[in-house]
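Following: one structure in structure tokens, then a few remarks.
There are 2 protein chains.
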Amino acid sequence: MDPRVSFITLAVADLDATRTFYVDGLGWPTELDVPGEVLMIKVGERLVLSLWSEAGFEAEVGPIRRGPGLVPITIAHNEATRAGVDAVLAAAEAAGSPEVRGAEHRDWGGYSGYFADPDGYRWEIAWNPGPVGLIAVPDTDPDG
Amino acid sequence: MDPRVSFITLAVADLDATRTFYVDGLGWPTELDVPGEVLMIKVGERLVLSLWSEAGFEAEVGPIRRGPGLVPITIAHNEATRAGVDAVLAAAEAAGSPEVRGAEHRDWGGYSGYFADPDGYRWEIAWNPGPVGLIAVPDTDPDG
């Protein structure tokens with residue numbers, strides 16, 4: 653099995669709220685939009701973000717964990733500069749994110765903040781000038 | 653904000669068990685390996701999978717949801733053929749996946765199954781001959 657991710661799927665409680673945030677708010681185009689079922693967005697060269705109704709997800713994958721606390725995953729979107737990070741967090745707030753945490757300088761040498769989508773999934777917005785960050789954003793500015 | 657994912661981060665309970673599965677079992681090379689803290693693997697042209705200790709995740713992101721049931725996300729790895737799907741599921745079983753569900757033909761026209769990693773994160777292994785599947789695996793075989 654080669655190390656390769658093709659889709660990231662998030663189960664969502666209300667697909668209309670999800671559409672309002674990602675499509676209307678952030679302005680992302682969809683590859684597939686089946687109301688009440690699924691919304692798919694291209695988020696990389698060979699990568700698709702699938703926002704799937706909880707009912708559909710549970711019917712195929714199984715009962716999901718419910719309760720307080722965060723889902724133990726994040727999705728990161730890296731920017732080439734620190735100013736880019738701040739701009740994206742502002743855009744997420746304008747798009748209606750229910751929670752935005754402004755960026756901070758991190759021990760690992762970068763600068764990042766977080767926003768939540770309507771289901772509380774956390775997106776990390778990061779400027780990462782290290783070697784691994786360069787993989788994700790080849791035009792990363794070392795001076796940020 | 654352009655629609656782009658740079659990193660996928662999963663909080664993991666035991667990073668040694670995670671390494672045994674992904675690195676020793678599946679044979680995936682690492683970009684960064686800090687024992688007890690984090691393991692990073694390149695899983696796309698500009699995409700990194702980050703396996704982060706729960707303690708580190710919780711300190712930066714917040715308390716995670718615990719309890720029964722599945723984390724409401726999946727990561728998919730698409731293959732160009734149905735035989736490729738079966739081969740990957742067999743490889744995951746050989747690598748020590750705690751749970752493998754053999755592939756089935758799906759209503760949407762594809763063929764997919766699932767395996768769990770040591771924390772129970774579900775990977776979907778799929779052959780998807782539809783238009784969205786073609787984005788993720790350009791060499792998808794329409795005859796599978």
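Going line by line, the protein sequences match chains A and B. First residue of the first sequence: 653, per the numbering used here; consecutive thereafter. First residue of the second sequence: 653, per the numbering used here; consecutive thereafter. All residues carry an ideal CB built from backbone N, CA and C; glycine is no exception.
Where residue i sits in the DSSP three-state scheme
{"i": "A/R671", "result": "helix"}
{"i": "A/A747", "result": "coil"}
{"i": "A/A665", "result": "coil"}
{"i": "B/L678", "result": "coil"}
{"i": "B/E706", "result": "helix"}
{"i": "A/D596", "result": "No answer is possible for residue 596 of chain A: the residues shown for chain A start at 653 and end at 796."}
{"i": "A/V657", "result": "coil"}
{"i": "B/D738", "result": "helix"}
{"i": "B/E689", "result": "coil"}
{"i": "A/R758", "result": "coil"}
{"i": "A/R698", "result": "coil"}
Residue i vs residue j beta-carbon contact at 8 Å
{"i": "B/Y674", "j": "B/I693", "result": "yes"}
{"i": "B/T726", "j": "B/E776", "result": "yes"}
{"i": "B/D769", "j": "B/S749", "result": "yes"}
{"i": "A/P778", "j": "B/M653", "result": "The question names Pro, but residue 778 of chain A in the sequence shown is Ala. The answer is no: Cβ separation not under 8 Å."}
{"i": "A/T670", "j": "A/L684", "result": "no"}
{"i": "B/P790", "j": "A/R698", "result": "yes"}
{"i": "B/P794", "j": "B/P783", "result": "no"}
{"i": "B/V695", "j": "A/V695", "result": "no"}
{"i": "B/V737", "j": "A/R774", "result": "no"}
Residue i beta carbon near the ligand HEM (any heavy atom closer than 7 Å)
{"i": "B/P724", "result": "Absent from the structure shown: the ligand HEM. Ligands present: none."}
Which residues, in order along the segment 678-705 of chain B, keep a beta-carbon less than 7 Å from a beta-carbon of chain A? Within the segment 678-705 of chain B, the residues whose Cβ lies closer than 7 Å to some Cβ of chain A are L678, W680, E683, L684, M692, I693, K694, V695, G696, E697, R698, L699, V700 and L701, listed in chain order.
Below 8 Å, how does it come out for the segment 677-688 of chain A and the segment 720-733 of chain A: are there three or more Cβ pairs, yes or no? no
Ignoring anything shorter than 4 residues or poking outside the segment 762-789 of chain B, list the alpha helix (DSSP H) runs there in chain order. 783-788
Whole runs of the beta strand (DSSP E) within the segment 711-735 of chain A, excluding any shorter than 3 residues: 725-730
Would you call the segment 728-743 of chain B and the segment 763-781 of chain A in contact, with 3 or more CB pairs under 8 Å? no
Say whether the segment 750-759 of chain B touches the segment 653-673 of chain A, bearing in mind that this needs 3 or more beta-carbon pairs closer than 8 Å, one atom from each stretch. no
Would you call the segment 697-709 of chain B in contact with the segment 702-709 of chain A, where contact means no fewer than 3 C-beta pairs closer than 8 Å? no
If contact means a Cβ-Cβ distance below 9 Å, which residues of the segment 705-724 of chain A contact chain B? E706, F709, E710, E712, V713, G714, P715, I716, R717, R718, G719, P720, G721, L722, V723 and P724
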